[in-house]
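Residue numbers for the sequence shown, in mature numbering (1 follows the signal peptide of the UniProt record, and there is no 0): -24 to -1, 1 to 255.
The C-beta atom is built at its ideal place from N, Cα and C for all residues, glycine as well.
Shown next, in structure tokens, is the structure this report addresses.
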Amino acid sequence: MLKVMLTSTLITSFAAIIVPSVQANTTLFESRDLLTPQQALGRFQWLEKCYSGLLVEVSDNIFDPTTPIPNDEKIADLKKVMLYENNTLRGDAKYLTFGDEDNANPKNWFAGKLPTTSCFQIPSDYRISAVMVTPTMPNYCTTKSRERTYEFIQSVKFSNIENTSSNTFYSNYVGDTAKIYTDKSYQLTLTPGFSSAEAYPETWHVFIDWNQDGDFNDTKETLFAGVSEQATQVEITPPTGAKKGMTKMRVTMDYLGGSNDACKEVDSGEVEDYLLYVK
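Here is the structure:
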């Protein structure tokens, strides 16, 4: 376990930041430290492995125990409050995020989100900046590729994110959040990957739930992004009336033409989901 100096600066004003309004804190969203409930659990487990003393201090700040209790019980109590309801992982799980005294993240530093991740040092000028809440999203339709042997989505670049991946049937990159403004246009760059030296023309579709109603069926929520063996670019502009806040973007790539139905499986390629933060 890493040793860390648990100063009042690191845990300052913790009681003041454990509030529901942290979801609306734009500084924290801009840090891109947005996790799923499962990742929030992983973040807690990583901190328990690497910085258990910090979790004990956090627990003391919340519960202010009047009688001494073992540290492992303090951590267990904190875990229940932040992550569980009726022994079930919460959809609105809470997790610690870190930043400097301005709640910014100039070092682009993020705590681990898997219990298996090796321990690494919190920057000396960083502290707990907030308790974040996992975004509550509608239940979108599920889909995937039937075949991934020959081609896959190699990278997606949009606004502040650039994600590179390998061949899977479906990937849910909700930890990668693209921040966009309603009055600006953005280039989305889509790059195919191939399992051999031979490249194939791939058909791309992009789906964005602009009105956040849990589907991709409304006007301007489906975009044909082209057919290419190489990287292709498409300009995306939020339509008039786009709802501000968190929403989902789905990218599909299919050698056999794809579909303008976001819920339909692709025949040969990949499907990836991302979060957008519309400002």
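Would you please state the rounded distance, in angstroms, between the beta carbons of Ile129 and Gly169? I believe it to be under 8 Å.
Residue 129 sits at position 153 when you count from the first residue of the sequence shown. Residue 169 sits at position 193 when you count from the first residue of the sequence shown. At roughly 7 Å, the Cβ-Cβ gap stays under 8 Å, so Ile129 and Gly169 are in contact.
8 Å CB neighbourhood of Asn236 in its chain, flanking five on each side removed:
Start at 1 with the first residue of the sequence shown, and residue 236 comes out as number 260. Cβ within range, chain order: His181, Thr198, Phe200.
Quick check: residue 319 and Ser171, are their CB atoms within less than 8 Å of each other?
Residue 319 is absent from the structure shown; the chain starts at -24 and stops at 255.
At the level of alpha carbons, what is the spacing between Ala110 and Asn62?
Within the sequence shown, residue 110 is the residue found at index 134, counting from 1. Within the sequence shown, residue 62 is the residue found at index 86, counting from 1. Residue identity check: residue 110 is Thr in the sequence provided, not Ala. About 18 Å.
Mind checking Gly88: buried by the 16 CB within 10 Å criterion, or exposed?
Your numbering for residue 88 matches position 112 in the sequence shown. Result: buried.
To the nearest angstrom, how far is it from the Cα of Thr64 to the Cα of Val57?
Counting from one through the sequence shown, the residue named residue 64 turns up at place 88. Counting from one through the sequence shown, the residue named residue 57 turns up at place 81. When rounded, the distance between both Cα atoms is 11 Å.
Alpha-carbon to alpha-carbon, Phe86 and residue 257
Past the edges of the chain, shown from -24 to 255, lies residue 257, and the structure says nothing about it.
Which ranges does the beta strand (DSSP E) cover as unbroken runs of at least 3 residues, wholly within the segment 125 to 174, from first to last along the chain?
If we require 3 residues or more, the beta strand (DSSP E) runs fully inside the segment 125 to 174 come out as 127 to 134, 137 to 140, 146 to 156, 162 to 170.
7 Å Cβ shell around Lys120 - same chain, five flanking residues per side excluded
Within the sequence shown, residue 120 is the residue found at index 144, counting from 1. These residues qualify, in order along the chain: Phe145, Tyr146, Glu241, Val247.
Quick one: Cα of Lys220 to Cα of Ile156, how far?
For the purposes of this step, residue 220 is identified with residue 244 of the sequence shown, where counting begins at 1. For the purposes of this step, residue 156 is identified with residue 180 of the sequence shown, where counting begins at 1. Cα to Cα, the separation comes out at about 10 Å.
Contact belief for Tyr253 with Thr158 at Cβ below 8 Å, rounded distance in angstroms:
Translated into the one-based positions of the sequence shown, residue 253 becomes position 277. Translated into the one-based positions of the sequence shown, residue 158 becomes position 182. Their Cβ separation, rounded to whole angstroms, is 11 Å, which puts Tyr253 and Thr158 out of contact at 8 Å.
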